[in-house]
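Student: Protein chains in written order, with my numbering: chain U, 1 to 397; chain H, 1001 to 1397; chain R, 2001 to 2397; chain F, 3001 to 3397. Just so you know, even glycine gets a beta-carbon here, dropped at the ideal spot from N, CA and C. The model shown is predicted, which means the values in this text are computed figures rather than measured ones.
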């Protein structure tokens, strides 16, 4: 009996029924006279999710990785210098991409488990008197380690240094789930993907671009065509696209934006925090440690959990999948075999997450990790249940 | 954010993805030349689920209640005497229906929480020397109290009394989930519905009829037309129906039968037992009691749980729904307000059920029932997790 | 390549995307606190479709045939006399049902191809001085012959005779497609099904009941339970049902009502008339005759077309299905082999219908019926295309 | 009443039900242990569609335009010379992309309405004694003009010239619909998209690469990362992907391949030819001309039709959409306003296409183009219907 897989990887995330239905549509004519009315509404509402009024949002058929590439090739020229910190697999990969695309990277080696090293950024920026650094890259939420960084602090560092470099943010696993403020934080390029907080299948690279970045695009000499902002901007202006758009996903995006707005962005963030906190209490009850070394970096979308020495997290994840039909995230690269991850973003509530915690407990116990069955669940429940007497009294009618 | 409702009522049950997809089809021509090939396969495979080779299965657009009516009106005449026991809301309602359809009911008043009183049946049958009783009715699985009865024992009682009455079984919440053996147990009429073990939406009354019952139908004088066996049999012979069938559900039924056969019926029963046992251990860990008074009556499809005095199960169920988006079953009729029910049938696995148990715990705690959060989950996990050291060693690679 | 079947039988009809999506939902808790809000809206809006403010609408899991039975068993007693005319297979079958349910039928034998013989009804009513006739039955739209009858005239006949009998209307293939006015025409019981004008799958019997009929139900002695109005009325009052409802179809019904109201009922009727008229012009261009003998009986939901002598309509329908994947309706009973039918109701537009007409032409030509390819299409197009010069001028910008 | 849009643009094409259902799935874990078994089957079967045993197929989240870019950036270095002909909007755009990606293009200006000018290619290749041309690009099926070119002849030209340049083919609107033979024609890079012959939504760039091209990739110096073949090859080897794949589309692709294989590729091509021929006969009957100037270039996937002087094809297309809910293709670039297009590829049969032809006739007539209603339909029907007396005799039973 293949019951439904319990999907708790940090993306792709579970698709809400309303979004599945919205995507289960016949193909449509992307040049129809009434198509622009539909698409222009998407662009308008996406800006609210990025919290930008000045910026412009582009939608490419592609994945978040394509969004990274779009950000770099549209605004930089080969040989341009970028400043970036590596403190997890995804921040590492973006740096790798920079190099492969011909950019010169000033890389800060951060610690896996810590947030972006703002002070190191600040030092490098201060040192860069002649402003050779064109762009500062940061990963808002490092999915590999479950660490959220302080983008606002990085903006303050740039300002403190009086440095004109643009600020590029990988928000793939944060935007639409964790508070992100493009305009307030002075972000020039923000990259998101459809398959995380937007609760859609993979297939849309979503890139928000500031006016400054758009202006920079005019002079950038990196070759690009598929991901070209200018082509998009020209066609998008009238609600069309320079080549065939992924209309099915656009229809799903409409439903996604309606759901996000219906719940309210701040409420979405609060819900993620509330749910994540339950997971963290479970981890503590198990006597295990998060990869994230300090609460200020705790990610509300993914928790990376360190196994005790001698246990293999790949085995754990495989066993959870095969025995309990529960998908957890493996540890990646530096933390492979040592860390497993619980994704807790997108469409999610307490009951779903408690099932996953219970399943993780059984899998941990099965492979011999000395935890007490039910302990994590109880700790999470204590956080989720109505704690205050007056609330309980109300529930009691 | 309306995440998905956690549906743990004792039917309708959760629909597997494969069945949902199978039903998401355009309407079709129920007189098409290739339609019979499809429908004849359904009848063939349904017989396997009822474990009958001699009987015939009919599919009416309707609910299980319609199946009850079909069984009665096709085979009995007004004034005919039937013997039936009432020991829960559904066994009670079937008796009520008998009376409303003009039958004379010899009703045995059983205890809610106990199984069908086989000895009382035996006595009445023994007393009925001139065989005025035409039919003996029994509810295999009483959904209101979570009690499964011993149909084979009832057959033995009939045989012991040398009584020729036909045996009618309400198998709505057992068939396809709990072992049911039409031919072996000498059942003449068995009623199932689409929305329980078949994992479909409500809308099909599924009635299996023995040769003896079909023969009886010829002489039965109750008026019927919509639910007439003879009309069905005549059209079904060639794979058609006397009036427009619910083809969408028939397509789903094909997927359902494929799933049941793919897993294997015995494995399906075993899985239900395995999952149900976890729920029962949770209830014990909470210090609560099942409505079912003895383990031999424990239902593997639904557990009815008694709240301590002073607590209102309607409030509990409402709170679970409103606060945790968890649907539990209320107590019905005699046990309204005192009992709540967890349905554990159909598409289900450990993770899903642990989420429901965890949710029930929070709701119980919230309304003040003195249970320990996590205690039920831990007890169920202890049953579900790999207990034996050698199994754990295998999991550990 | 199984492309989509072109479904042009007179029901089930093509399901609009919006309705398919609305039904592609998880199962739900039919006792949830917010369920009544949903269902009460359905009852409210259904009354608008039946054009009744006084009547009450019931929804049974079942087919239209079940609706017929509900109407009869709730309001009549065995031995009661009903007056009904047979002028096609469906009017015939309802009469048959009356007899099987123990009613005494005064049957008027009408002509297949003519509407309900209002004058004969009038005569019988006038003759029935002591008002032994309790109910007058009529089929509003006879699906077998493509004939729509004048229900208002039948009401006038009743009134002229000063006859107190109740008026029962089979509106299965008319309601929601052809104008029907329950209150204005003094209809006491109107039966519809989900799979015609409501554009849903088969599975809901929809019965509208006048206050007078509800009052009659109190005294009616026919046995009934599944289809009992009183049980329904009691539970429906609070938005619930006496047994598990077919919630999937109810969700679809919501979408159906939204579509009907969105387009506007009068506009729906007008569209059906407009489309049907194109079919009729095609038939004339082919040199064939409709089964309906006079334009005043032309049905806007189905056209029954008579083949020239020597041709077999079963062969035609089978060939169209196998060669062109086009489903047409066969001739039934008296007109089997001589008539084929094109259903043109529900979700439909000119392009879809022209495809069907073109397909019917090829199939007719293939089996040797001497028609000119394209002739019917051209005639329908001439009706559908913008005929007036000023309209064409507007289209020409 | 929004009935279903009749979609007859040359892509995206209508999605078969089986594919829609296959894509209506929950998100899945792209690192699950059983994921590779699924994906490796896709790669294996895709090779059959491209008719290659030596080549390798890559699947990028993106559109066909992304496939073009992948082909160029993986195998060429800035400044490399390519030879390409422009004879329609899509062949033109690929040349434009080459230039924007830093390649030096030797462009042949072909005629819109003619196929790829093989002789001109041959001359240029003969002239290129020192083999500066690294790659020869050709558009197999020019979607803007409805012209199919002779790729085999281009291969012969390369061979005749003894020229080592690689052969790149844009097969976006031909592959899986029109015969394409990668190995036999010595094609090094073939680009397809999901939304044409594969009958999927937009979102997959499908690129087949010969061994020679893969070897060339090792030395190519164009910057690329998202579309990098080597990253893909490394991960694909084990059935995984270098970044999150669009699993929903992959599930749909499985169904698409099953359908293509079930019908048989040659049968798919034959069906497209059969259907297209009907459209061409309709155009002739209207007295209009195809954009394609000679039958040897007739495209079996799209017909571009030239309006008589004085008529505006944009108006026609808009009117067809707004009045008849029929989506036709507009004329692009050089032929904007003068040409409209009927896409006839993917899931399609005679009835669907006759509906579109009938709709196009009405729209043409409405805007004043002097055509006879029904004439095109009749011509197409004459091609589709059973012409031969013996076939008709068989149909007649």
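Measure the CB-CB distance between residue 3139 of chain F and residue 100 of chain U and report whether it falls below 7 Å.
Tutor: Here residue 3139 of chain F refers to the residue found at position 139 when the fourth chain is read from its first residue. Here residue 100 of chain U refers to the residue found at position 100 when the first chain is read from its first residue. Not closer than 7 Å, so no.
Student: Could you work out which residues of chain F lie near residue 101 of chain U, taking near to mean beta carbons separated by less than 9 Å?
Tutor: Taking the first residue of the first chain as position 1, residue 101 of chain U is located at position 101. Result: 3223, 3224, 3225.
Student: How long is the line joining the alpha carbons of residue 405 of chain U and residue 85 of chain U, rounded to whole angstroms?
Tutor: Outside the shown range of chain U, which is 1 to 397, sits residue 405 of chain U, and nothing can be said about it.
Student: Examine the Cβ distances between the region 2229 to 2247 of chain R and the region 1263 to 1283 of chain H and report whether three or more of them are shorter than 8 Å.
Tutor: Touching, no, given that fewer than three Cβ pairs across the two stretches are closer than 8 Å.
Student: Where do the ends of the alpha helix (DSSP H) carrying residue 2099 of chain R lie?
Tutor: Taking the first residue of the third chain as position 1, residue 2099 of chain R is located at position 99. Where residue 2099 of chain R is concerned, the enclosing alpha helix (DSSP H) stretches over 2089 to 2100.
Student: Which whole-angstrom value describes the C-beta separation of residue 90 of chain U and residue 170 of chain U, a residue pair presumed to lie in contact below a C-beta threshold of 8 Å?
Tutor: As a first step, residue 90 of chain U is located in the first chain; it is residue number 90 there, counting from the start. As a first step, residue 170 of chain U is located in the first chain; it is residue number 170 there, counting from the start. Right, the Cβ-Cβ distance comes to about 7 Å (below 8 Å), so this counts as a contact.
Student: Using a beta-carbon distance below 7 Å, is residue 168 of chain U in contact with chain H?
Tutor: Your numbering for residue 168 of chain U matches position 168 in the first chain. Chain H contact via Cβ: absent.
Student: So what's residue 1195 of chain H in DSSP terms, helix, strand or just coil?
Tutor: The count along the second chain starts at 1 and reaches residue 1195 of chain H at position 195. Of the three classes helix, strand and coil, the one that applies to residue 1195 of chain H here is coil, per DSSP.
Student: What's the C-alpha gap between residue 3296 of chain F and residue 3178 of chain F?
Tutor: Here residue 3296 of chain F refers to the residue found at position 296 when the fourth chain is read from its first residue. Here residue 3178 of chain F refers to the residue found at position 178 when the fourth chain is read from its first residue. Looking at the two C-alpha atoms, the distance is approximately 13 Å.
Student: Between residue 1057 of chain H and residue 1190 of chain H, what straight-line distance do the alpha-carbon atoms span, to the nearest angstrom?
Tutor: Position 57 of the second chain, counting from 1, holds the residue named residue 1057 of chain H. Position 190 of the second chain, counting from 1, holds the residue named residue 1190 of chain H. If you take the alpha carbons of residue 1057 of chain H and residue 1190 of chain H, they lie about 9 Å apart.
Student: With three or more C-beta pairs closer than 8 Å as the rule, is the region 7 to 15 of chain U touching the region 188 to 208 of chain U?
Tutor: Yes: at least three Cβ pairs fall under 8 Å.
Student: Give the single residue among U/304, U/98, U/257 whose Cα lies nearest to the Cα of residue 332 of chain U.
Tutor: Taking the first chain and counting its residues from 1, the one referred to as residue 332 of chain U is at position 332. The option with the nearest alpha carbon to residue 332 of chain U is U/304.
Student: Measuring CA to CA, which of R/2135, R/2162, R/2365, R/2113 is closest to residue 2335 of chain R?
Tutor: The count along the third chain starts at 1 and reaches residue 2335 of chain R at position 335. The shortest Cα separation from residue 2335 of chain R among R/2135, R/2162, R/2365, R/2113 belongs to R/2113.
Student: Using a cut-off of 8 Å between C-beta atoms, extract the partners of residue 1009 of chain H located in chain R.
Tutor: Translated into positions along the second chain, residue 1009 of chain H becomes position 9. Chain R residues near residue 1009 of chain H: 2029, 2031.
Student: Any idea which residues DSSP pairs residue 2341 of chain R with across the strands?
Tutor: Within the third chain, residue 2341 of chain R is the residue found at index 341, counting from 1. According to DSSP, which records beta bridges pairwise, residue 2341 of chain R is partnered with R/2304, R/2329.
Student: Please classify residue 1238 of chain H as buried or exposed, where buried requires at least 16 other C-beta atoms within 10 Å of its C-beta.
Tutor: Counted from its first residue, the second chain places residue 1238 of chain H at position 238. Its Cβ having fewer than 16 others within 10 Å, residue 1238 of chain H is exposed.
Student: Got a sec, what are the start and stop residues for the alpha helix (DSSP H) residue 3261 of chain F sits in?
Tutor: Residue mapping note: residue 3261 of chain F aligns to position 261 of the fourth chain, counting from 1. From DSSP, the alpha helix (DSSP H) with residue 3261 of chain F extends over 3247 to 3263.
Student: Determine whether the beta carbon atoms of residue 213 of chain U and residue 188 of chain U lie at a separation below 7 Å.
Tutor: As a first step, residue 213 of chain U must be located in the first chain, where it is residue number 213. As a first step, residue 188 of chain U must be located in the first chain, where it is residue number 188. Cβ atoms of residue 213 of chain U and residue 188 of chain U: closer than 7 Å.
Student: Say whether chain R places a C-beta atom closer than 7 Å to the C-beta of residue 3063 of chain F.
Tutor: Locating residue 3063 of chain F in the fourth chain gives position 63, counting from the first residue. Not closer than 7 Å to any Cβ of chain R, the Cβ of residue 3063 of chain F fails to qualify, so no.
Student: Note down the Cα distance separating residue 3005 of chain F from residue 3328 of chain F, rounded to an integer number of angstroms.
Tutor: One-based indexing of the fourth chain puts residue 3005 of chain F at position 5. One-based indexing of the fourth chain puts residue 3328 of chain F at position 328. Distance between the alpha carbons of residue 3005 of chain F and residue 3328 of chain F: 11 Å.
Student: Taking the CB atoms as reference points, tell me whether residue 1337 of chain H and residue 1314 of chain H lie closer together than 7 Å.
Tutor: On the second chain, residue 1337 of chain H is found 337 positions in, with the first residue counted as 1. On the second chain, residue 1314 of chain H is found 314 positions in, with the first residue counted as 1. Yes. Within cutoff.
Student: Can a CB atom of chain U be found closer than 7 Å to the CB of residue 1321 of chain H?
Tutor: Taking the second chain and counting its residues from 1, the one referred to as residue 1321 of chain H is at position 321. Chain U, which has no Cβ nearer than 7 Å to the Cβ of residue 1321 of chain H, makes this no.
Student: At a Cβ cut of 7 Å, what residues of the region 3094 to 3122 of chain F count as close to chain U, listed as they run along the chain?
Tutor: Listed in sequence order: 3097, 3100, 3101, 3102.
Student: Based on Cα-Cα distance, which residue from F/3257, F/3106, F/3220 lies nearest to residue 3175 of chain F?
Tutor: Here residue 3175 of chain F refers to the residue found at position 175 of the fourth chain. Nearest option by C-alpha distance: F/3257.
Student: Report the neighbours of residue 2234 of chain R on chain H: residues whose CB is nearer than 9 Å to its CB, in chain order.
Tutor: Reading the third chain from its first residue, position 234 is the one you call residue 2234 of chain R. Correct list: empty, because the minimum Cβ distance to chain H is about 14 Å.
Student: Could you check how far apart the C-beta atoms of residue 347 of chain U and residue 1385 of chain H are, in whole angstroms? I think they sit under 8 Å.
Tutor: Against the first chain, residue 347 of chain U aligns to sequence position 347. Against the second chain, residue 1385 of chain H aligns to sequence position 385. So it is not a contact: roughly 27 Å between Cβ atoms.
Student: Using a cut-off of 8 Å between C-beta atoms, extract the partners of residue 1015 of chain H located in chain R.
Tutor: As a first step, residue 1015 of chain H must be located in the second chain, where it is residue number 15. The contacting residues are 2026, 2027.
Student: Among F/3127, F/3366, F/3122, F/3146, which has the Cα closest to the Cα of residue 3153 of chain F?
Tutor: Along the fourth chain, read from residue 1 onward, the residue named residue 3153 of chain F stands at position 153. The shortest C-alpha separation from residue 3153 of chain F is found at F/3122.
Student: By alpha-carbon positions, which one of F/3075, F/3322, F/3345 ends up nearest to residue 3222 of chain F?
Tutor: For the purposes of this step, residue 3222 of chain F is taken as the residue at position 222 of the fourth chain. The candidate whose alpha carbon is nearest that of residue 3222 of chain F is F/3075.
Student: Leaving aside the five residues before and after residue 1319 of chain H along the sequence, list all residues of the same chain whose C-beta is less than 7 Å from its C-beta, in chain order.
Tutor: The count along the second chain starts at 1 and reaches residue 1319 of chain H at position 319. For residue 1319 of chain H, where only same-chain residues beyond five positions count, the Cβ hits under 7 Å are 1363, 1366, 1367.
Student: So, under 8 Å CB-CB, residue 2063 of chain R and residue 2205 of chain R are touching, yes? Tell me the CB distance rounded to an integer number of Å.
Tutor: Reading the third chain from its first residue, position 63 is the one you call residue 2063 of chain R. Reading the third chain from its first residue, position 205 is the one you call residue 2205 of chain R. Yes, they are in contact, since the Cβ atoms of residue 2063 of chain R and residue 2205 of chain R sit about 6 Å apart, within 8 Å.
Student: Establish whether the CB of residue 36 of chain U and some CB of chain F are separated by less than 7 Å.
Tutor: In the first chain, residue 36 of chain U corresponds to position 36, counting from 1. Taking Cβ atoms only, chain F never reaches closer than 7 Å to residue 36 of chain U, which makes this a no.
Student: Within the same chain, show all residues whose beta-carbon is closer than 7 Å to that of residue 2161 of chain R, passing over the 5 residues directly before and after it, in chain order.
Tutor: Counted from its first residue, the third chain places residue 2161 of chain R at position 161. The answer, listed in chain order, is 2122, 2125, 2126.
Student: Give the secondary structure of residue 1224 of chain H by DSSP, where H, G and I count as helix, E and B as strand, and everything else as coil.
Tutor: Along the second chain, one-based indexing puts residue 1224 of chain H at 224. If DSSP states are grouped into helix, strand and coil, residue 1224 of chain H belongs with coil.
Student: Would you give the residue range spanned by the alpha helix (DSSP H) that residue 365 of chain U belongs to?
Tutor: Looking up residue 365 of chain U in the first chain gives position 365. Run containing residue 365 of chain U: 350 to 366, per the alpha helix (DSSP H) assignment.
Student: Taking 7 Å as the threshold (beta carbon to beta carbon), is residue 2351 of chain R in contact with chain F?
Tutor: Start at 1 with the first residue of the third chain, and residue 2351 of chain R comes out as number 351. Yes - at least one Cβ of chain F is within 7 Å of the one on residue 2351 of chain R.
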